[in-house]
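These notes concern the structure reproduced below.
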Amino acid sequence: GIGIGPLRKATGAVTYDPGFMNTANAKSSITYIDGDEGVLRYRGYPIEQLAEQSSFLEVSYLLIHGELPTQGQLETFVSQVERRTLLDERFKRMFDGFPRDAHPMAVLQAGVSGLSTFYQDSLNPFDEEQVRLSSVRLLAKMPTMAAYAHRLAQGHALLYPDNRLSLIENFLRLTFGFPVEEYIADPVVVRAMEQLLILHADHEQNCSTSAVRLVGSAQANLFTSISAGIGALSGPAHGGANAAVMEMLDQIRAEGMDPRDFMEKVKNKEEGIRLMGFGHRVYKNYDPRAKFVKKIADDVLERLGVHDERLELAMKLEEIALKDDYFVERRLYPNVDFYTGIIYRAIGFPTHMFTVLFAIGRLPGWIAQWQEMIHDPETKIGRPRQIYTGAAERDYVPMAART
Ligand code: ACO
Numbered sequence: 030g031i032g033i034g035p036l037r038k039a040t041g042a043v044t045y046d047p048g049f050m051n052t053a054n055a056k057s058s059i060t061y062i063d064g065d066e067g068v069l070r071y072r073g074y075p076i077e078q079l080a081e082q083s084s085f086l087e088v089s090y091l092l093i094h095g096e097l098p099t100q101g102q103l104e105t106f107v108s109q110v111e112r113r114t115l116l117d118e119r120f121k122r123m124f125d126g127f128p129r130d131a132h133p134m135a136v137l138q139a140g141v142s143g144l145s146t147f148y149q150d151s152l153n154p155f156d157e158e159q160v161r162l163s164s165v166r167l168l169a170k171m172p173t174m175a176a177y178a179h180r181l182a183q184g185h186a187l188l189y190p191d192n193r194l195s196l197i198e199n200f201l202r203l204t205f206g207f208p209v210e211e212y213i214a215d216p217v218v219v220r221a222m223e224q225l226l227i228l229h230a231d232h233e234q235n236c237s238t239s240a241v242r243l244v245g246s247a248q249a250n251l252f253t254s255i256s257a258g259i260g261a262l263s264g265p266a267h268g269g270a271n272a273a274v275m276e277m278l279d280q281i282r283a284e285g286m287d288p289r290d291f292m293e294k295v296k297n298k299e300e301g302i303r304l305m306g307f308g309h310r311v312y313k314n315y316d317p318r319a320k321f322v323k324k325i326a327d328d329v330l331e332r333l334g335v336h337d338e339r340l341e342l343a344m345k346l347e348e349i350a351l352k353d354d355y356f357v358e359r360r361l362y363p364n365v366d367f368y369t370g371i372i373y374r375a376i377g378f379p380t381h382m383f384t385v386l387f388a389i390g391r392l393p394g395w396i397a398q399w400q401e402m403i404h405d406p407e408t409k410i411g412r413p414r415q416i417y418t419g420a421a422e423r424d425y426v427p428m429a430a431r432t
């Protein structure tokens, strides 16, 4: 729609586009999505090839620097990240101050925001060397903070990172090492984690990435901008969906409900319920990440010898949906979150950690998008217009005269 009235007089026509369904806020060379065909590429490389052959830090390098690294560049980058996983002792103590039942996304957001207090020399968004260092610190320290958020909830002591391990092995050990000496990460689990993080690493102008860009457009520092992204990702319509899928599957099972009856409720929009993990603003076809995730779910469950009836239930719901007019007409297919929770649960993560894992994965995308925004000469401070619908001018009514 087009805004008319006083606003038009002052500024010309205004486009009314709630949810930015048709409004581009950036030109970007990072991620390409064809939602109709189910295509996703980072810097031109198909997501399937990256998930199959690359590592999370190599993909992080690709997203942030624009090209795949040479062997030497990758080794330097990996070692820069892997030796920065420790947190300042005082900062580490901050994590003890949160209540045990705090949501780990809230702890992570506070932690990332807190990095601004420790690296005050790195806050100038235009100092490229300092931004590079901040990016490396974020990649290194966010998994440590995520593991601390988990241990806090468990009431377990916080461990020190062991920088002889890879970033992901270290993260798994920091999270699950209890007692420390006995924890050895299973290579199948490590590889699955790498792949899941790669699949989540960027997704162009989604809600959290747009939040990072919007906050950054005010020239707020990288840590602060990323913490805004974590806040956006915590919402159930975005990153919280993987947890919501598990809750939905648990509820169907707890109530002993027939999957078909549940789907009828969804279709009738009873109590506003949706089939969580289904549908996507951009994909109107099978989410290419969901296909891959289903394969990882099979591998990990088989390797760990886990039998999870939720996987069967999820597959049943998918089968019903793919044949049902309601879902077909609306072009609703499984998105990346439909099966991830089942894998995370098999590895040992509680539900409230799922979105935290998504945040670790999305981090390189947020960094790359923030950098692109900062260096784009066409960037302007993000400042949408509105269509005013409130009262016309009226006079203040003194309290005694109000009825
Ligand atoms: N279950 C049932 N119906 C649905 C679903 C769903 N999961 N998703 C959309 N619909 C229906 C809507 O009711 C609407 O139907 P109507 O025209 O009869 O009213 C139609 O499909 C279009 O839905 P919109 O909400 O307009 O689509 P939008 O693009 O705004 O929403 C979203 C996308 C938020 C992802 C939505 O599909 C949803 O809520 N899905 C469930 C939550 C989820 O899985 N989120 C994860 C997103 S992916 C990610 O963050 C990684």
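Per UniProt numbering, the sequence shown starts with residue 30, numbered consecutively. Every residue gets a Cβ at the ideal spot worked out from N, C-alpha and C, and that includes glycine. Since the model is a prediction, treat every value here as computed from it, not as a measurement.
For a test of your reading of the model: does the CB of residue i fall under 7 angstroms from any non-hydrogen atom of ligand 1? Yes or no.
i, result
"residue 305", "yes"
"residue 309", "yes"
"residue 361", "yes"
"residue 322", "no"
"residue 366", "yes"
"residue 388", "no"
"residue 295", "yes"
"residue 394", "no"
"residue 343", "no"
"residue 285", "no"
"residue 258", "no"
"residue 268", "yes"
What three-state label does DSSP hand residue i in the structure shown?
i, result
"residue 425", "coil"
"residue 403", "helix"
"residue 244", "helix"
"residue 204", "helix"
"residue 127", "coil"
"residue 361", "coil"
"residue 68", "strand"
"residue 75", "strand"
"residue 396", "helix"
"residue 312", "coil"
"residue 373", "helix"
"residue 62", "strand"
"residue 99", "coil"
"residue 380", "helix"
"residue 173", "helix"
"residue 82", "helix"
"residue 133", "helix"
"residue 269", "coil"
"residue 335", "coil"
"residue 37", "Summary for residue 37: the model assigns pLDDT 47, below 50, so the residue's position carries little reliability; its value from the coordinates is reported in the next sentence. Looking at residue 37 - three-state DSSP - the assignment turns out to be helix."
"residue 231", "coil"
"residue 413", "coil"
"residue 212", "coil"
"residue 117", "coil"
"residue 50", "coil"
"residue 419", "coil"
"residue 302", "coil"
"residue 286", "coil"
Could you name the residues of the same chain whose beta carbon sits closer than 8 angstroms to that of residue i, not counting the 5 residues immediately before and after it, in chain order?
i, result
"residue 186", "180"
"residue 65", "313, 314"
"residue 360", "313, 314"
"residue 103", "86, 87, 90"
Only counting the same chain, and skipping five residues up and downstream in sequence, which positions put a Cβ closer than 6 angstroms to that of residue i?
i, result
"residue 318", "228, 365"
"residue 382", "133, 179"
"residue 85", "223, 226, 227"
"residue 271", "366, 369, 370, 383"
Here's a check: name, in chain order, each residue in its chain whose Cβ is nearer than 7 angstroms to the Cβ of residue i, leaving out the five neighbours to either side.
i, result
"residue 76", "69, 70, 228, 317, 318"
"residue 309", "316, 364"
"residue 67", "312, 314, 315, 316, 317"
"residue 385", "133, 134, 137, 175, 178"
"residue 159", "150, 151, 153"
"residue 162", "151"
"residue 410", "246, 247"
"residue 184", "129"
Starting from residue i, follow its DSSP beta bridges and name the residues at the other end.
i, result
"residue 307", "363"
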